[in-house]
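Worksheet: the structure to be examined is printed underneath.
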Amino acid sequence: MPVYRHNPPAERIFFSIDACCVSYFTIDILLRLGSSPSKKKFLKEVLNWFDLLAVLPFYVELLLGENSGTDGMMALRVLRLFRITRVLKLIRHSQQMMLMLLVLRNCFSELGILFCTWLMGALVFGTIMHYIEVDADSGFDLFSMHAGGQP
């Protein structure tokens, strides 16, 4: 199991990068809200709420501090995943991405079969590797035919 090592210089660098990204997203949200002809319509759009929920955890962490309620803060950090929804906004402006989505939608059953086949292979070969490793840990030495080893 990997162990977390406290590294203050790296944490400062990542905090700075995160602060710059959140600042950019915040300015973007505020500019879009300010230039929107209808504030009501802007606030009714779901993707705008996702954008707001994506930057909210950063400001809550700044206000409350890092060590206040770690479980609650972890739940808030999950909200940062809403930043991914910004990519969905870009898809509707690209003809190639819309075509790609159409192809994926039409081939969904075939992709499901491909995924199930891959999953079965991973399970079978993972099980084989598990039993090989268990035998290796139990003291049973596998010999190499190339090295001329004897059983």
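Each residue of the sequence shown is one higher than the one before, counting from 78 in the working numbering. Where is the CB? At the ideal position from N, CA and C, for every residue including glycine.
Minimum C-alpha distance to residue i - residue among the options
i, options, result
"residue 106", "140, 130, 211, 86", "130"
"residue 154", "161, 135, 116, 166", "135"
"residue 139", "197, 93, 193", "93"
"residue 157", "173, 137, 142, 174", "137"
Residue i in three-state terms, based on DSSP
i, result
"residue 157", "helix"
"residue 207", "helix"
"residue 248", "With the chain running from 78 to 228 in the structure shown, residue 248 is simply not present."
"residue 122", "coil"
"residue 142", "coil"
"residue 112", "helix"
"residue 171", "coil"
Expected contact under 8 Å - CB spacing of residue i and residue j to nearest Å
i, j, result
"residue 32", "residue 168", "Residue 32 cannot be examined here, being either before or after the span of the chain that is shown, 78 to 228."
"residue 102", "residue 132", "5 Å"
"residue 119", "residue 110", "6 Å"
"residue 159", "residue 185", "Not quite, the Cβ-Cβ distance comes to about 25 Å (not below 8 Å), so this is no contact."
Buried or exposed by the 16-neighbour rule on C-beta atoms within 10 Å, applied to residue i
i, result
"residue 123", "exposed"
"residue 95", "exposed"
"residue 99", "buried"
"residue 89", "exposed"
"residue 97", "exposed"
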